[in-house]
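In the UniProt record's numbering, the protein residues as written are 1 to 584. In this text, a Cβ means the ideal position worked out from N, Cα and C, and glycines have one as well. If you're wondering where the values come from, they're calculated on a predicted model, not measured in any experiment. Working notes, structure below.
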């Protein structure tokens, strides 16, 4: 049955004393100038909330008001109303069978949209439901992934491959101006899907009888499997062309990068290829340049750590390390620091592989090992360029570490990263790489260790009582805390978080500033004395404690805090053992 109000919406709202006559007149005036519907205008003017309006319409139209955020919708039902029409009519098919379909609309009084939907789903009968506009568009974004489009284009490409038997390299090279070329459309869809689900990496992995496309979202991989495994060569070839890589070389790993635009997103894509059993595996790291550089306050650091960092970077010389595993946000933190230090009276030189973000006024050097331009070679020249601040992308070997440390004791502020899992083991890693303990003790000023943990979804998060195993672990780590009184939470899973229970990530930080007892322990080369001096420091707070404070506040889950603690402990023990062996 077609929904229809017996009176105009504004008159009904005034009659029920939900809004005043003056507010209605003001809304009508704003509607005439803005061209939006009256209901949306009233919401924008804060005369009524969206929930109030929809609850009112629900009673007037005798249409149920539904919450679709936690529903697991059947993709086959959702596709009864294609994405183009779903967005145009602000409607989503949420339930149905062979005879009827329930369509949730944010504006059921839009009779033109209703009539179009009826014709689109015919001969099924349409039953209406009301849903907030926010939930509606979140549902459309999450449910209308590009996976079907990717599979469809992959099928087209497979047919072309079967007809031609092999791909013409010249024709693929000439496709730059032809955005309708099949392989280009396939790549566009892959990138659009990655942006839609906030992926940080895209993995293209050829198998024996399938092609896997995996995307890393909030640190976890999500997989799409294509049966058109024959298209892998064309897809990889196109990516290598875009990244200026050698398309004739398939036997050795290669690296490259290219720029890509997806809607309003400006992506800088870092590409790594590697020969595997059934072809070449390609991983693409997506850097959204349109997001801009973060300020220190935007990294998620506690205010106390930010104040300590600002004190350290105001000093004229010394080394500051940012440590953590791959993908923990080290580069983001370093660039936030550089953004703060980047002033007209300061010369900054960076040595990176690759240069991830372009910074005005900063002299950025791209390492190129193929021509012998490595970190150590660039660093030697850098020290002769009269810099105030040097940023080294990564301490990779003994020579780089020693040049950086010597630069730090000769009047330069040196910033760098190191692949360790916490602050304590970072000094041990430098010594393990071959740097002299006295040099580390003289140059190193502070170490920032960081990890990323997943945020509990704000929509479906609920109170969580720790399980027996979780409670045993919590009592072992924090025996003096009453864990029954903490605000632990867990996500149930909803449309907003793609039923994972998590949405986004937050940084967990620890900062170690070296004092005299720590420096003396380093000079002696004693890992036990150094670790003891760190733990007795009043300002040091381990990563695990920071993660547990997030869990107790309901920001992350106990499971993610446990995972972080396990990763940190696994790498710390071997490093301490090796340091002890070297000392003996």
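Item	Value
Contacts around residue 555, its chain only, beta-carbon distance under 7 angstroms, and the 5 residues preceding and following it disregarded	455, 456, 506
Residue 14 - DSSP class collapsed to helix/strand/coil	helix
CB of residue 541 within 7 angstroms of CB of residue 510, strictly	yes
Rounded C-alpha distance that separates residue 522 from residue 378	28 angstroms
Buried versus exposed call for residue 33 [16 or more other C-beta atoms within 10 Å across all chains shown]	exposed
Contact the segment 478 to 496 vs the segment 416 to 423: 3+ CB pairs below 8 angstroms	no
Contact set for residue 99: own chain, Cβ-Cβ below 8 angstroms, skip 5 residues either direction	124, 125
For residue 435 and residue 401, believed in contact at Cβ under 8 angstroms, the rounded distance	5 angstroms
N- and C-terminal bounds of the alpha helix (DSSP H) containing residue 119	111 to 121
Buried or exposed by the 16-neighbour rule on C-beta atoms within 10 Å, applied to residue 498	buried
Exposed unless 16 or more other CB atoms sit within 10 angstroms - verdict on residue 240	buried
One or two residues paired with residue 461 in a DSSP bridge	491
Secondary structure of residue 435, DSSP reduced to three states	coil
Span separating the alpha-carbon of residue 601 from that of residue 322	In the structure as shown, the chain starts at 1 and stops at 584, and residue 601 therefore has no counterpart that could be examined.
CB of residue 225 within 7 angstroms of CB of residue 212, strictly	yes
N- and C-terminal bounds of the alpha helix (DSSP H) containing residue 421	Note, residue 421: premise wrong, no alpha helix (DSSP H); not H, not E.
Within 7 angstroms, strictly: CB atoms of residue 347 and residue 316	no
Nonlocal neighbours in the same chain, by C-beta distance under 6 angstroms from residue 50, ignoring five residues either side	43, 132
Reduced DSSP secondary structure (H/G/I, E/B, other) of residue 560	helix
Beta-carbon proximity check, residue 195 vs residue 265, cutoff 7 angstroms	yes
Length of the line joining the Cα atoms of residue 367 and residue 302	33 angstroms
Reduced DSSP secondary structure (H/G/I, E/B, other) of residue 137	helix
Cβ shell of residue 282 (< 6 angstroms), same chain only, five flanking positions each side left out	204, 236, 239, 273
Euclidean distance between Cα positions of residue 227 and residue 153	12 angstroms
Neighbourhood of residue 277 by C-beta, 7 angstroms cutoff - its chain only, sequence neighbours within 5 removed	none
Completely contained alpha helix (DSSP H) runs for the segment 483 to 556, where each covers 4 or more residues	516 to 524, 527 to 535, 543 to 552
Local Cβ density within 10 Å of residue 589, reported as buried at 16 or more and exposed below that	Outside the shown range of the chain (1 to 584) lies residue 589, about which nothing can therefore be said.
Distance between residue 193 and residue 149 (C-alpha atoms, nearest Å)	10 angstroms
Nearest-angstrom Cα separation, counted from residue 309 out to residue 371	36 angstroms
Length-filtered (4 minimum) alpha helix (DSSP H) runs lying within the segment 15 to 46	21 to 34, 38 to 44
For residue 288, three-class secondary structure by DSSP	strand
Proximity to residue 483 [Cα-Cα], best of 549, 182, 342	549
Burial state of residue 180, where buried means 16 or more other Cβ atoms lie within 10 Å	The predicted model places residue 180 with a pLDDT of 47, which falls under 50 and marks its position as unreliable; any figure quoted below should be read in that light. Counting Cβ neighbours within 10 Å, residue 180 comes out exposed, since fewer than 16 surround it.
In DSSP terms, what residue 449 is bridged to	323, 510
C-beta neighbour in chain C for residue 214, strict 7 angstroms	Absence of chain C from the displayed structure is noted, only one protein chain being present.
Proximal residues to residue 567 (C-beta, below 8 angstroms), its chain only, five neighbours per side dropped	325, 421, 451
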